[in-house]
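A short worksheet on the structure shown next.
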Amino acid sequence: MMRVTVSVIKADIGSVGGHTLPSREVLNLVRERVTEATGRLLIDSHVCHTGDDICLIMTHTHGCPYPAVHEIAWEAFRAGTEIAKQQGLYGAGQDLLKDAFSGNVRGLGPASAEIEFEERPNEALMVMAADKTEPGAYNLPLYLAFADPMFSPGLLLSEALHDGFRFRIMDVDYTEGDRTITLDAPERLYDIAALLRDTHRYVIESIWSRRFPTEQAAAVSTSRLRNIAGKYVGKDDPVAVVRVQKIFPATEEFGPPFALGQFVAGDTRGSHNLPLMPVPINTPASTFFCCPMVSALGFSIHDGTLAAVTDLFADPFWQHVRDRVAGKAIEMRRQGFFGPAMLAMSELEYGGIVARLNRLEAEFSVRDGQQAVPRPAEHTRG
Ligand code: 13P
Ligand code: MG
Ligand code: MG
829 MMRVTVSVIK ADIGSVGGHT LPSREVLNLV RERVTEATGR LLIDSHVCHT
879 GDDICLIMTH THGCPYPAVH EIAWEAFRAG TEIAKQQGLY GAGQDLLKDA
929 FSGNVRGLGP ASAEIEFEER PNEALMVMAA DKTEPGAYNL PLYLAFADPM
979 FSPGLLLSEA LHDGFRFRIM DVDYTEGDRT ITLDAPERLY DIAALLRDTH
1029 RYVIESIWSR RFPTEQAAAV STSRLRNIAG KYVGKDDPVA VVRVQKIFPA
1079 TEEFGPPFAL GQFVAGDTRG SHNLPLMPVP INTPASTFFC CPMVSALGFS
1129 IHDGTLAAVT DLFADPFWQH VRDRVAGKAI EMRRQGFFGP AMLAMSELEY
1179 GGIVARLNRL EAEFSVRDGQ QAVPRPAEHT RG
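Residue numbers for the sequence shown, in my numbering: 829 to 1210.
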């Protein structure tokens, strides 16, 4: 048996006409750079995009995180950024937030999700990439697929799934290190749910089999760009790797959870809530307010080779799902910036609206005595 690592690393290094999609030239160059390393450091690779994010899917035998593999991604993104700058693409190099590479892309801007395993004779795996949203966007679908028999009948029907799954959840607001909690489903289901509902702060980092405790089922990227940059520089746009079938939920048990199109943070200026729409791979971001989107690829892996690939949200069923999700999005946008349509203040704290509110503070006064004819305070336009 072979020990294989799947490293998924993605970044936005510039896009055409706004935050839409990478140019063909940038995508080709990044693909070229990653392909050069295939056969040398990597066994195989697949390069694609979801909205304006380029996603590198790489297999190798070096474990994770392996600096030289991360460096391939970093250098490919840097080379792509040069082309993006030459073409005047929007946000060229957007997610490369640091100048120097230090052995791991984590903390530098790109998102990464990696998983290492003894390859099964029929290793089936999904890679998900989301644009215009945050890592917590996977909380609900993964919770439903790994812990709720209403969505995941395998929990009832399969002996291998019967013991449930172990969730490692990260507090992504904590920036001094990796602050995590490990909870077992089903015993701690309500505790898991209580954390995961706070998608801005608590994010599933990994999921493990309980029957086979060394078998990792899922890995999710957890980086929050605002915690790296200290200001709004784009949404976190998370990736995830999920092993499926046999001792894990089946590929199709992930369909209904993703078909919910739950409201997630993200979209325009990363400052609103809209439903997460499952889309085919290589779909541009939507001009309808940059509605959050997620794509999923299915792979069969053999000897570390990505033997075959299938686009999991491309079959005809998903058009109906997308129509319904679009309806939810259109309805939410009707209320503009009011209520849950725009994110809570705590999530906008790095944005310009905070400066605006601070300026308004000076204009407040506490009334004493009789109500007088209202007169605005001295106003400086902001
Ligand atoms: P990205 O994070 O995908 O670049 O989107 C940024 C944005 O502000 C879109 O409105
Ligand atoms: Mg962008
Ligand atoms: Mg993006």
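Beta carbons are placed, not taken as given, at the ideal position from N, Cα and C, and that holds for glycine.
Predicted, not measured: the structure shown is a model, and the values here were computed from it.
Checklist entry - Is the closest heavy atom of ligand 1 to the C-beta of Cys1118 under 7 Å? => result Residue mapping note: residue 1118 aligns to position 290 of the sequence shown, counting from 1. Checking the Cβ of Cys1118 against ligand 1 gives yes.
Checklist entry - Taking 7 Å as the line, does the beta carbon of Ser843 fall inside it for any heavy atom of ligand 2? => result Along the sequence shown, read from residue 1 onward, the residue named residue 843 stands at position 15. Distances taken from the Cβ of Ser843 to the heavy atoms of ligand 2 include one shorter than 7 Å.
Checklist entry - Does at least one heavy atom of ligand 1 sit under 7 Å from the Cβ of His1100? => result For this step, residue 1100 is matched to residue 272 along the sequence shown. False, no ligand heavy atom lies under 7 Å from that Cβ.
Next on the checklist: Since Ala1068 and Ala941 should fall inside the 8 Å C-beta cutoff, what is the C-beta to C-beta distance between them, to a whole number of angstroms?
Outcome noted: The residue labelled residue 1068 in the question sits at position 240 within the sequence shown. The residue labelled residue 941 in the question sits at position 113 within the sequence shown. Their Cβ separation, rounded to whole angstroms, is 5 Å, which keeps Ala1068 and Ala941 in contact under 8 Å.
Item to check | Helix, strand or coil at Met1160 according to DSSP, with G and I counted as helix | outcome: Stepping through the sequence shown from its first residue, residue 1160 is reached at position 332. Looking at Met1160 - three-state DSSP - the assignment turns out to be helix.
Checklist entry - Gln922: beta carbon under 7 Å from a heavy atom of ligand 2? => result As a first step, residue 922 must be located in the sequence shown, where it is residue number 94. Placement of the Cβ of Gln922 at a distance of less than 7 Å from at least one heavy atom of ligand 2 is found.
Checklist entry - Three or more C-beta pairs closer than 8 Å, one from the stretch 1123–1137 and one from the stretch 1152–1164: is that the case here? => result no
Next on the checklist: If I measure Cβ to Cβ from Ala907 and keep anything under 8 Å in the same chain, skipping five residues before and after, which residues do I get?
Outcome noted: To locate residue 907, count along the sequence shown from 1; it is residue 79. Excluding sequence neighbours, Ala907 sits near Leu857, Val858 and Arg861.
Checklist entry - Taking the beta strand (DSSP E) that Gly982 falls in, what are its first and last residues? => result Here the question's residue 982 lines up with position 154 in the sequence shown. No beta strand (DSSP E) contains Gly982, which is instead part of the alpha helix (DSSP H) from Gly982 to Leu985.
Checklist entry - If Glu1033 and Thr1008 are in contact, beta carbons under 8 Å, what's the gap, nearest whole angstrom? => result Locating residue 1033 in the sequence shown gives position 205, where the first residue counts as 1. Locating residue 1008 in the sequence shown gives position 180, where the first residue counts as 1. Contact flag correct, Cβ pair sits at about 6 Å.
Checklist entry - My guess is that Arg1016 and Ala1045 are in contact by the Cβ rule of under 8 Å, so how many angstroms apart are they, rounded? => result Locating residue 1016 in the sequence shown gives position 188, where the first residue counts as 1. Locating residue 1045 in the sequence shown gives position 217, where the first residue counts as 1. Cβ atoms of Arg1016 and Ala1045 stay farther apart than 8 Å, at about 17 Å.
Next on the checklist: Let me make sure I understand the geometry here. Which of Asp1196, Lys960 and Cys892 has the alpha-carbon closest to that of Val832?
Outcome noted: Locating residue 832 in the sequence shown gives position 4, counting from the first residue. Answer by Cα proximity: Cys892.
Next on the checklist: Taking a contact to mean a Cβ-Cβ separation below 8 Å, would you say Ser1123 touches Thr1111 in this structure?
Outcome noted: The count along the sequence shown starts at 1 and reaches residue 1123 at position 295. The count along the sequence shown starts at 1 and reaches residue 1111 at position 283. In this structure, Thr1111 lies closer than 8 Å to Ser1123 by Cβ.
Next on the checklist: Are the CB atoms of Gln922 and Ile841 within a distance shorter than 8 Å?
Outcome noted: The residue you call residue 841 lines up with position 13 of the sequence shown. The residue you call residue 922 lines up with position 94 of the sequence shown. Yes, they are a contact pair.
Checklist entry - Which of the three DSSP states, helix, strand or coil, is assigned to Arg1054? => result As a position in the sequence shown, residue 1054 is number 226, starting the count at 1. Helix, per DSSP.
Next on the checklist: Cutting at 8 Å between CB atoms, please list the residues of its own chain near Phe1117, excluding the five before and the five after it.
Outcome noted: Position 289 of the sequence shown, counting from 1, holds the residue named residue 1117. Asp1095, Thr1096, His1100, Leu1102, Ala1157 and Arg1161.
Next on the checklist: So Leu1104 and Ala957 are supposed to be a Cβ contact under 8 Å. How far apart are they, rounded?
Outcome noted: Counting from 1 along the sequence shown, the entry for residue 1104 is found at position 276. Counting from 1 along the sequence shown, the entry for residue 957 is found at position 129. Incorrect: roughly 12 Å between the Cβ atoms, too far for contact.
Checklist entry - Can we count Asp880 as close to ligand 3, meaning its CB is less than 7 Å from some heavy atom? => result To locate residue 880, count along the sequence shown from 1; it is residue 52. Asp880 Cβ: within cutoff of ligand 3.
Checklist entry - How about Thr1042 and Leu1140: do their beta carbons lie closer than 8 Å? => result Walking along the sequence shown from the start, residue 1042 turns up at place 214. Walking along the sequence shown from the start, residue 1140 turns up at place 312. With contacts defined as CB atoms closer than 8 Å, Thr1042 and Leu1140 fail to qualify as a contacting pair.
Next on the checklist: Using the Cβ count rule (16 or more neighbours within 10 Å means buried), how would you classify Met998?
Outcome noted: Numbered from 1 along the sequence shown, position 170 holds the residue referred to as residue 998. Label assigned to Met998: buried.
Checklist entry - How close, in whole Å, do the beta carbons of Val834 and Pro963 come, if the pair is a contact with beta carbons under 8 Å? => result Walking along the sequence shown from the start, residue 834 turns up at place 6. Walking along the sequence shown from the start, residue 963 turns up at place 135. Not confirmed; about 18 Å, so no contact.
Item to check | Residue interval of the beta strand (DSSP E) (run including Gln1044) | outcome: As a first step, residue 1044 must be located in the sequence shown, where it is residue number 216. Element bounds for Gln1044: Gln1044 to Val1048.
Item to check | Extent of the continuous beta strand (DSSP E) to which Val1069 belongs | outcome: If you number the sequence shown from 1, residue 1069 lands on position 241. First-last of the beta strand (DSSP E) with Val1069: Val1067 to Val1072.
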